[in-house]
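Chains as they are written, first to last, in our numbering: chain G, 1 to 289; chain E, 290 to 566.
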């Protein structure tokens, strides 16, 4: 008897106080336009646990960026709520740091100064020396010690993205929001950056939300892959659990590195399933035409 | 280090070679100038010409050229003092215009509501010719000198306001998002993002403003009187000393050029190198 009561109690409490770290509760986003209102996202419900690596995939116009922008607080949901640790998200803040698609480094500041600006904002109580050490430590983490005093114009795309990552990680965000962070990089740099991101994520255990267009990238990086239906009024079509053991990539035992992972029959199953979702079940109009 | 050493050696060489064999870029304007002077000389050397020839100008004004510092009291002063008086008026009017203009521009540029409210008014006011303000200024200040300064102020302020507004409005959304996510304070946002992002535009406005100020001061002083290059020209005309007018015009042109270059120099020092075109 007792056992059963306990269980039922737990079940009742769990939706509000459980492991839900980041929670989307019936979130919709409607933009007013000259042609009437345009619903971008409709009734999104999603619970993300602490430390999860979530990738979001979907055709352009499906509201992925809008979804992440609402987590960052740069835009607000029209209806519904997004809660981080049961706190309603109402405005942007450094605990939900964003890595923007185009890096968003300030061109008049060096790599060091760009990171320092963020560190200075978040660690207000720390001494100058401590802040300096934090900046240098994170530039080293992304392999940019040499380039610390260079300005963005002197850095390659990959290096700029590293600075943006260093800036984001240096302030220890609870949620790391990335909108196609590697979209502009060449394939080789892209793979390197994925490896580095995994390594850093393993060490720092931030919760990651990442938009990608690349199915292989999503399968390689994420714990769960959120697949969006097409807009208008897009929704979460399906959530795919990615079962591959961690660590993945270069840090993994040789039986599990990227090559082996891609040879895994299950990998192909998941890949084909995602492709089927994107290009058959929810094919974009452009793709059909 | 190597770059520094290079520069040190190259600079004197550069100037030496400039004198030894002047580049075409320098030679061309000299030839053009000599041509124009000759043409002027030919056109104005007949005895019944209304305007003096260049040689005549130099002969008539040798006293002014040799001694720009004389001071016989009243408005009878050397050209140095005349230009200095004009420059002082410009300095006060232009500085005020810069401070008020940049301040207003930032306010208008960063607030869509204020922009919508004020921009149409400014678009009308900025087309009012500088001298049209003078009677209002004279009526308001009841004195010549503040009125002249006001004309400079009102002439220079429009391009400064408008360019600052555009500079603030064009700040990329990316930078603003970074500021929001990091929760930069107002002062920090100004110094770290708004100022460096909009400063090239501000200096475009400042440069147009200084040019217009110098254009307006001559006209304003002609009407207002007192010591100053504008009244000097008007006074010379009334006394039929045409050579002095021509000399003054040359000085006005040179000073205007120097003012423009001075603002450009300050811009090159203040604007971050990544933001310079």
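Note that beta-carbon positions come from the ideal geometry of N, C-alpha and C, so glycine has one too.
Predicted, not measured: the structure shown is a model, and the values here were computed from it.
Setting aside the 5 residues that flank it on each side, residue 195 of chain G is surrounded in the same chain by 249, 250, each with a C-beta closer than 6 Å to its C-beta; the list follows chain order.
Against chain G, the beta carbon of residue 314 of chain E has no neighbour under 8 Å; the closest one sits roughly 29 Å away. Taking the C-beta atoms as reference points, residue 184 of chain G is found no nearer than 8 Å to residue 115 of chain G.
For residue 338 of chain E, the three-state secondary structure derived from DSSP is coil. For residue 112 of chain G, the enclosing alpha helix (DSSP H) starts and ends at 111 to 122. In this structure, DSSP gives residue 37 of chain G an extended state, which the three-state scheme calls strand.
The beta-bridge partner set that DSSP reports for residue 24 of chain G consists of G:46, G:82. With respect to chain G, the C-beta atom of residue 459 of chain E has no partner C-beta closer than 8 Å. Here the alpha carbons of residue 122 of chain G and residue 481 of chain E stand approximately 16 Å from one another. Per DSSP, residue 239 of chain G is one residue of the beta strand (DSSP E) stretching across 236 to 241. 8 Å or more divides the Cβ of residue 73 of chain G from the Cβ of residue 101 of chain G. CA-CA distance, residue 237 of chain G to residue 246 of chain G, rounds to 26 Å. Look at residue 327 of chain E here: in three-state DSSP terms it is helix.
The beta carbon of residue 467 of chain E falls within 8 Å of a beta carbon belonging to chain G, placing the residue at that interface.
Under the three-state reduction of DSSP, residue 491 of chain E is assigned to helix. The beta carbons of residue 178 of chain G and residue 211 of chain G sit closer together than 8 Å.
Residue 63 of chain G and residue 228 of chain G do touch by the CB rule: their CB atoms are close to 7 Å apart, below 8 Å. Residue-level contact check: residue 93 of chain G touches chain E, since one or more beta carbons of chain E fall below 8 Å from its beta carbon.
Counting other Cβ atoms within 10 Å of its Cβ, residue 540 of chain E reaches 16 or more and is therefore classed as buried.
For residue 225 of chain G, the uninterrupted beta strand (DSSP E) run begins and ends at 224 to 228, by DSSP.
In the DSSP assignment, residue 53 of chain G falls within the beta strand (DSSP E) that extends over 53 to 57. When rounded, the separation of the alpha-carbon atoms in residue 49 of chain G and residue 561 of chain E is 44 Å.
The three-state secondary structure of residue 212 of chain G, taken from DSSP, is coil. The DSSP-derived three-state label of residue 88 of chain G is strand. If you draw a straight line from the Cα of residue 523 of chain E to the Cα of residue 110 of chain G, it is about 55 Å long.
For residue 547 of chain E, the enclosing alpha helix (DSSP H) has its first and last residue at 531 to 559. By the Cβ criterion, the region 535 to 553 of chain E is in contact with the region 492 to 504 of chain E, since at least three pairs of Cβ atoms, one from each stretch, lie closer than 8 Å. In this structure, the beta-carbon distance from residue 197 of chain G to residue 274 of chain G does not fall below 8 Å. Along the region 90 to 119 of chain G, the positions whose C-beta sits under 7 Å from a C-beta of chain E are 92, 93, 94, 97, 98, 100, 102, 104, 106, 107, 108, 117, 118, read in chain order. Collapsing the DSSP output to three states places residue 99 of chain G in a strand.
Rounded to whole angstroms, the Cβ separation of residue 84 of chain G and residue 22 of chain G is 5 Å, and the two are in contact under 8 Å.
Interface residue (Cβ-Cβ distance to chain E less than 8 Å): residue 22 of chain G is not classified as such. Bridge pairing for residue 178 of chain G: G:99, G:210 [DSSP].
Contact between residue 164 of chain G and residue 112 of chain G is absent: CB atoms are separated by about 14 Å, not below the 8 Å threshold. Among the residues of the region 58 to 81 of chain G, those with a Cβ less than 7 Å away from any Cβ of chain E are 72, 74, in the order of the chain. By the beta-carbon neighbour count (other beta carbons within 10 angstroms, threshold 16), residue 151 of chain G is buried.
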